[in-house]
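A.B. asks:
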Amino acid sequence: MDNITAEHVRLTIDGISISVPKGTLVIEAARRVGVMIPHFCYHPKLKPDANCRMCLVEVERMPKLQTSCSTVATEGMTVRTATTVVHNAHKSVLEFILANHPLDCPVCDQGGKCDLQDFSHQYTATSRFAETKRIFQKEYFSPLIETQMNRCVQCLRCVRYCDEVMDVKALAPIGRGTMTEIKSFGAHPLDCEFCGGCVQICPVGAITSRLSMYEYRPWMLKRADTVCMFCGDGCQITVQTKDQELIEVNSAQGAGRNSGDLCARGFFGFRAASHPDRLTHPLIRRNGALVEATWEEALEFVAEHTKRLKLSHGPQAFGGLISGRCTNEELYLFQKFMRLTIGTNNLDSSARYGHINGVQAMRSVQGTHRWTVTFEDIVQADVLLLIGTNITEANPITGLKVKEAVKKHEATLLTIEAIQPAIGTISNISNLSKQHVCVAPSQFGAAVLGLLKAVVEGNHIDSTLRQQAPDYVSAVSQAIQQLDWEDLAVSTGVSSESFVQMAASLAGGRRVVALAGQTLLRSQGAYGVCLNLLDLLLLTGKLTAQGCGFAPLAEENNDQGAVEMGAVSALLPGVLDLTDRDARDQITRAWKEDLPVATGATLIEMIGLAQTGIIKGLFIVGENPVGSLPPQTGVKEALSKLDLLVCQELFLTETAALAHVVLPAASAMEKAGTFTNTEGHVQAVRPAIDPVGDSRPDWEILSAFSVFLGAPLEYGDAKEILKEIRAVIPGYGSLGPSPIPPAVDPAAVDRYMNEGYRRDLATRYTLPARDVRQDGTVQLGLTQSLFHSGKLSTYSTGLLQIEPSGLLQMNPVDAARLGLDAGDRVRLSNGQGKFTTTVKVLDRVPEGLAWLPDHFAQDALRLFDCVVDPDTKVPSYRTASVSVVKTA
Amino acid sequence: MESLEGKRGLPRIKPPFPATHGLYNKPTVVNNIETLANLPYIVGRGPEWFASIGSPPKSTGTRVFCVSGHVKQPGNYEVPMGVTFRELIYEHAGGMRSDKPLKAFIPGGASAPFLTPSHLDVKLDFESVAAAGSMLGSGGVTVMEEGTDMVWAALRLMEFFYHESCGKCSPCREGSSWLVQTMRRIVAKRGQMQDLETLVDLCKNIEGRTVCAFGDASVAPIMSTLKHWRPEYVTLIQEAESANLIKLEPAGVRH
């Protein structure tokens, strides 16, 4: 009780008494009692700047009016906000702010949602200002963001947001006094992360989005709160539409897991759904060409050929592939369709490209398929270990949580990534690291072993664990002792001291979260590295402790859902092993039908089976294996051999172009359902517009197939499927505002420490093969770009304006060594092929490496070897050694 | 401190004060050179010696006053605190330039309100000057002789404040530009009677509502000249009205 009163203070605002936590600002305390104090520069996300002076209030025993945004509530304080003095002060400050304002509301996009407009109405403000208004020269600002500095009230929210929250520092006030204006650095258009934060946070119409310029008034728009369709962060977005037109996306302050923050993809990427190339009619291949057809014809075509193939070749002649961008309901129905209607476990999803590595590792060691931590735990962590994730580009909003932990709460950030700290136009997480080790992606495993060795040798092993599992501890210790520091130093390029230091920081942490990203999860041997990372947490006692845990980051918005819904060959809904008899019985009872028992083929295996003619029919939902996999996997030839290839797609992709039937699918903007984000939080997806053309949601198409095949899986709407999912998966929770993470299963950890580790410890604790690099070559890596995600973003006009093509990003030293300048055309080649692209010189790329953005690398894939993980069957093709030659 | 840290020179919000959170968030003491220059003597000769000079209890020691304007010998004069302005101006600085009567003086830099000849016997110490309605401030004494246009003088000072306003907070940023424009208009004989009321209002609206003391300071010249020499403003405006120069349309009519 004492504790509670010590942390709270009681104050009176306009006669209302309220108790607030110590440190609360008066403006926030007032909000709690329903008193809205007008303000421009204050924002809950930002440190108070008290520059607009709009929020002045009377505080008893203080001679002058105080700015409530910078005054901390104290015990016994009496605040008055509704006196004549305060009212006159507000009115006078408003008069000042209005003095130089152009009053061009009729042509201002902010009109109708403008703080200045609202307060002017509230205070019936008129201005006696009869002098000449200051005018700023209009300058071109950027392709996506428009500035109109005459409207600016100099509250500096945009500048502060860009620095404090985003850590980008792209904006700055230039000039003095009334001539203060917001500009970007340098004499060129804005070049930044384009998170749209400045547009969202501007209280007036000074910074607006060009995508929707002059198109609407806020009251004309219909709003739908839904979830972003790009990465696994699962940000809540509000999609605003006028009739059937997508006008704008934003996110309300504090809303969703992103608490209102977005990245370029979320803020500017929404037009992908309304691209003119969208498929609007079913297509059937007739005489070698895809021609428009009716839904009836298309469905009948699919049913007829499916029945025929099933009759002559059995259910094992079919396979299915679904995108991790579909809703949970669609993923669930897809696997049910494949397992029941078709009768095969040959099914897979895009979680196979890497996410499954992290999930399977968590299952093996801690017995969960979800994180045991949440975004809040990241913010509150005192030590964060980031490995293989250029988080600010791959998962920008999770990245914001890391930035918040470091910048606001002084967490110790440790990073292992193939990136160099460097100031650039977009943020670089290694700039915030307490300790950063730059390691090539192929050697992440070696770096984790280095950490493990330092933990063992530095005696950082948790003492209770020593007693609890002496065999495990000694086996790990012995295995790690076999490694030599010198070998580790050669592999990683990092000294033993660095590992020792990093291990000490990790072991000294109270709340430790280890985040693993796609650069790791999609690399060769990633499953083993994830297990080793879990060993690291387990040994240091950070696996089970409060606020600690392992967090593999999902690349696609519903990779996690794909695994949970059983849309991977070996797993049933609820992430139960297909081989587990109890699990099978449980699903059989729920579905009232027997499941196929034969082991299913995974992505790469299905391609092999299609190649050999065993698989004859393939259902592909939203996936594009021909565009995603390197050609040497033989994917194109394999799919060309099929008797029936059915694609449900938004666009005519390389894969859909080979199909016998292409069915137009509705995008996430046009359907209802749920997505599960990277932290395992299930969130509602709501339609913002009607399906484009004749397109239908994927679940409806699957349901229609089943009806035409005579084994109906019928549902009235997506909610009915969700209801069934809840019945099938015990404890599949309701949609709350934040996730309730599972706890580590002690029985699973015991199993792991008693025998689980034995299976592969020896192989996991050996150094990965080193890259042999010859002169004139660089190690080419595929990277995730901030401005693109998946196959959809390349249809987004907004994002294409920021990054229209994939450039080869190289370190200046390498570029100089190879005689290259920015903008030069170069040919990359190795034994497997060649690829021509343009050079971009970038300080953050480590020497000896070169990056190519994933989403433009389709034609470069032939340079990469594809290695399939023996345990998780993940195809890895992320690095290749190539020679770089300048072309004329 | 902001500049030392490589940032724009903008005021910080206080509290916290520099004594606890100053340069790079470390406790910092900020002092004038004048204060530091006194230290060796206080340390060397003892505080009693220092306190024996000047005008106790608060204004002890000597101060350097920089006398400028219409005097015979402008310059820096170190005098014990507590001498009168009459002594400083007429004895040390040699009296008025062309022996014209004194019309006005600023006792302590641009931010200190103007004083009149009736204040010549005020003592140069903190309490006395404050009681006379001004402040000793920086010790920059500017003297003006009879015939000086006080409206112009106020405008000249306002131009300085307008130029120096950093632009961080709205009242000072917008107010200084507004005030300077109105003053320019009055001096250019395009003023209106209601401008005077607006000037006073604006000054009151800036005072006490800004982040730093610069806002309070910037209204001093206009407020004090309006207090002591209001007729000069009125004359200018009446001349404007009689000359019937084009009148400004009231704000809000134009579209």
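As they're listed, the protein sequences go chains A and B.
Counted from 1, the first sequence has number 1627 at position 550 by the working numbering; the numbering is strictly sequential.
Counted from 1, the second sequence has number 240 at position 239 by the working numbering; the numbering is strictly sequential.
Ideal placement from N, C-alpha and C gives every residue a C-beta, glycine not left out.
Taking the straight line between their C-alpha atoms, what separation do you get for residue 1196 of chain A and residue 1453 of chain A?
C.D. replies: As a working note, residue 1196 of chain A is residue 119 in the first sequence. As a working note, residue 1453 of chain A is residue 376 in the first sequence. Looking at the two C-alpha atoms, the distance is approximately 35 Å.
A.B. asks: Just how far apart, CA to CA, sit residue 1523 of chain A and residue 1130 of chain A?
C.D. replies: In the first sequence, the residue the question calls residue 1523 of chain A occupies position 446. In the first sequence, the residue the question calls residue 1130 of chain A occupies position 53. Whole-angstrom Cα-Cα distance: 55 Å.
A.B. asks: Measuring straight from C-alpha to C-alpha, what distance separates residue 39 of chain B and residue 200 of chain B?
C.D. replies: The residue given as residue 39 of chain B occupies position 38 in the second sequence. The residue given as residue 200 of chain B occupies position 199 in the second sequence. So the two alpha carbons sit approximately 41 Å from each other.
A.B. asks: Report yes or no: do the region 1547-1561 of chain A and the region 1595-1604 of chain A share at least 3 C-beta pairs separated by less than 8 Å?
C.D. replies: Because the criterion of three Cβ pairs below 8 Å is not met, the region 1547-1561 of chain A and the region 1595-1604 of chain A do not touch.
A.B. asks: Report buried or exposed for residue 1039 of chain A, applying the criterion of at least 16 other Cβ atoms within 10 angstroms of its Cβ.
C.D. replies: In the structure as shown, chain A starts at 1078 and stops at 1965, and residue 1039 of chain A therefore has no counterpart that could be examined.
A.B. asks: One question on the structure: do residue 1407 of chain A and residue 1750 of chain A come within less than 8 Å of each other, judged by their Cβ atoms?
C.D. replies: If you number the first sequence from 1, residue 1407 of chain A lands on position 330. If you number the first sequence from 1, residue 1750 of chain A lands on position 673. Result yes, Cβ atoms of residue 1407 of chain A and residue 1750 of chain A sit closer than 8 Å.
A.B. asks: Exposed or buried, which one is residue 26 of chain B when buried takes at least 16 other CB atoms within 10 Å?
C.D. replies: Here residue 26 of chain B corresponds to residue number 25 of the second sequence, with the count starting at 1. By the neighbour-count rule (16 or more Cβ atoms within 10 Å), residue 26 of chain B is not buried but exposed.
A.B. asks: Count the C-beta pairs between the region 1327-1338 of chain A and the region 1470-1478 of chain A that are closer than 8 Å, then say yes if the count reaches three, no if not.
C.D. replies: Verdict: yes, contact present.
A.B. asks: Apply the 10 Å Cβ neighbour rule to residue 78 of chain B and answer buried if 16 or more other Cβ atoms are within range, or exposed otherwise.
C.D. replies: Residue mapping note: residue 78 of chain B aligns to position 77 of the second sequence, counting from 1. Flag for residue 78 of chain B reads buried.
A.B. asks: Report the residues of the region 165-178 of chain B with a CB closer than 7 Å to any CB of chain A, ordered along the chain.
C.D. replies: Result list: 166, 167, 168, 169, 170, 171, 172, 174, 175, 176, 177, 178.
A.B. asks: Would you list, in chain order, the members of the region 1157-1182 of chain A that have their beta-carbon closer than 8 Å to a beta-carbon of chain B?
C.D. replies: Those would be 1166, 1169, 1170, 1172, 1173, 1174, 1176, 1177, in chain order.
A.B. asks: Which residues in the same chain as residue 234 of chain B place their Cβ atom closer than 7 Å to its Cβ, once the five residues preceding and following it in sequence are excluded?
C.D. replies: Locating residue 234 of chain B in the second sequence gives position 233, counting from the first residue. So the list reads 152, 187, 197, 227, once near-sequence residues are dropped.
A.B. asks: At which residues does the beta strand (DSSP E) containing residue 1854 of chain A begin and terminate?
C.D. replies: Within the first sequence, residue 1854 of chain A is the residue found at index 777, counting from 1. Element bounds for residue 1854 of chain A: 1854-1860.
A.B. asks: Are the region 1605-1613 of chain A and the region 1391-1407 of chain A touching by the rule of at least three beta carbon pairs closer than 8 Å?
C.D. replies: No: fewer than three Cβ pairs fall under 8 Å.
A.B. asks: For chain B, is any of its Cβ atoms less than 8 Å away from the one on residue 1253 of chain A?
C.D. replies: In the first sequence, residue 1253 of chain A corresponds to position 176, counting from 1. So, interface residue.
A.B. asks: Is the region 1313-1323 of chain A in contact with the region 1346-1366 of chain A, if contact means three or more CB pairs nearer than 8 Å?
C.D. replies: A contact exists between the region 1313-1323 of chain A and the region 1346-1366 of chain A.
A.B. asks: Nearest chain B C-beta to residue 1128 of chain A closer than 8 Å, yes or no?
C.D. replies: Position 51 of the first sequence holds residue 1128 of chain A. With 8 Å as the cut-off, residue 1128 of chain A counts as an interface residue toward chain B.
A.B. asks: In this structure, does DSSP put residue 1916 of chain A in helix, strand or coil?
C.D. replies: Locating residue 1916 of chain A in the first sequence gives position 839, counting from the first residue. Three-state result, residue 1916 of chain A: strand.
A.B. asks: Does chain B have any CB closer than 8 Å to the CB of residue 1201 of chain A?
C.D. replies: As a first step, residue 1201 of chain A is located in the first sequence; it is residue number 124 there, counting from the start. No, no contact with chain B.
A.B. asks: Would you say residue 1141 of chain A reaches chain B, if we count a Cβ-Cβ gap shorter than 8 Å as a contact?
C.D. replies: Position 64 of the first sequence, counted from the start, is the residue given in the question as residue 1141 of chain A. Yes - at least one Cβ of chain B is within 8 Å of the one on residue 1141 of chain A.
A.B. asks: How far does the alpha helix (DSSP H) with residue 1889 of chain A in it reach, from first residue to last?
C.D. replies: On the first sequence, position 812 is the one that residue 1889 of chain A refers to. Note, residue 1889 of chain A: alpha helix (DSSP H), 1889-1894.
A.B. asks: Who are the near neighbours of residue 1707 of chain A in its chain, counting only those whose CB is closer than 7 Å to its CB and skipping five residues on each side?
C.D. replies: If you number the first sequence from 1, residue 1707 of chain A lands on position 630. Within the same chain, residue 1707 of chain A has close Cβ partners 1938, 1939, 1941, 1943, 1954.
A.B. asks: Grab me the residues of residue 1683 of chain A's own chain with a C-beta within less than 8 Å of its C-beta, minus the 5 sequence neighbours each way, in chain order.
C.D. replies: Indexing the first sequence from 1 puts residue 1683 of chain A at position 606. The answer, listed in chain order, is 1396, 1398, 1423, 1425, 1692, 1695.
A.B. asks: For the region 6-35 of chain B, which residues have a beta carbon sitting closer than 8 Å to at least one beta carbon of chain A?
C.D. replies: Here the close residues are 9, 14.
A.B. asks: Are the beta-carbon atoms belonging to residue 1514 of chain A and residue 1493 of chain A less than 8 Å from one another?
C.D. replies: On the first sequence, residue 1514 of chain A is found 437 positions in, with the first residue counted as 1. On the first sequence, residue 1493 of chain A is found 416 positions in, with the first residue counted as 1. Closer than 8 Å, so yes.
A.B. asks: Please look up how many angstroms separate the CB atoms of residue 1842 of chain A and residue 1556 of chain A, rounded, as I've assumed it's under 8 Å.
C.D. replies: The sequence position of residue 1842 of chain A within the first sequence is 765, counting from 1. The sequence position of residue 1556 of chain A within the first sequence is 479, counting from 1. Yes, they are in contact, since the Cβ atoms of residue 1842 of chain A and residue 1556 of chain A sit about 4 Å apart, within 8 Å.
A.B. asks: Inspect the beta-carbon positions of residue 98 of chain B and residue 71 of chain B and report whether they are closer than 8 Å.
C.D. replies: The residue given as residue 98 of chain B occupies position 97 in the second sequence. The residue given as residue 71 of chain B occupies position 70 in the second sequence. For residue 98 of chain B and residue 71 of chain B, yes; Cβs fall inside 8 Å.
A.B. asks: Could you tell me the alpha carbon to alpha carbon distance between residue 1223 of chain A and residue 1266 of chain A, rounded to whole angstroms?
C.D. replies: Within the first sequence, the letter at position 146 stands for residue 1223 of chain A. Within the first sequence, the letter at position 189 stands for residue 1266 of chain A. Their Cα atoms are separated by approximately 11 Å.
A.B. asks: Would you check if there are 3 or more beta carbon pairs closer than 8 Å linking the region 1155-1165 of chain A to the region 1131-1139 of chain A?
C.D. replies: Yes: at least three Cβ pairs fall under 8 Å.
A.B. asks: Please classify residue 1539 of chain A: is it buried, with 16 or more other beta-carbons within 10 angstroms of its beta-carbon, or exposed?
C.D. replies: Here residue 1539 of chain A corresponds to residue number 462 of the first sequence, with the count starting at 1. With 16 or more other Cβ atoms within 10 Å, it is buried.
A.B. asks: According to DSSP, which residues form a beta bridge with residue 1682 of chain A?
C.D. replies: Residue 1682 of chain A sits at position 605 when you count from the first residue of the first sequence. According to DSSP, residue 1682 of chain A bridges with nothing at all.
A.B. asks: Check the Cβ-Cβ distances between residue 143 of chain B and every residue of chain A, and say whether any is below 8 Å.
C.D. replies: Taking the first residue of the second sequence as position 1, residue 143 of chain B is located at position 142. Residue 143 of chain B does not count as touching chain A.
A.B. asks: Going along chain B, which residues have a C-beta under 9 Å from residue 1152 of chain A?
C.D. replies: Locating residue 1152 of chain A in the first sequence gives position 75, where the first residue counts as 1. By Cβ distance, chain B contributes nothing, its closest Cβ being about 16 Å from residue 1152 of chain A, past 9 Å.
A.B. asks: Please say whether residue 1445 of chain A and residue 1759 of chain A have beta carbons closer to each other than 8 Å?
C.D. replies: Here residue 1759 of chain A refers to the residue found at position 682 when the first sequence is read from its first residue. Here residue 1445 of chain A refers to the residue found at position 368 when the first sequence is read from its first residue. No, the pair does not count as a contact, with Cβ atoms beyond the cut-off.
A.B. asks: Verify whether the separation of the beta carbon atoms of residue 1479 of chain A and residue 1589 of chain A is less than 8 Å.
C.D. replies: The residue labelled residue 1479 of chain A in the question sits at position 402 within the first sequence. The residue labelled residue 1589 of chain A in the question sits at position 512 within the first sequence. No, these two residues do not count as a Cβ contact at 8 Å.
A.B. asks: Measure the CB-CB distance between residue 1121 of chain A and residue 1330 of chain A and report whether it falls below 8 Å.
C.D. replies: Within the first sequence, numbered from 1, the residue matching residue 1121 of chain A stands at position 44. Within the first sequence, numbered from 1, the residue matching residue 1330 of chain A stands at position 253. Yes, Cβ-Cβ distance for residue 1121 of chain A and residue 1330 of chain A is below 8 Å.
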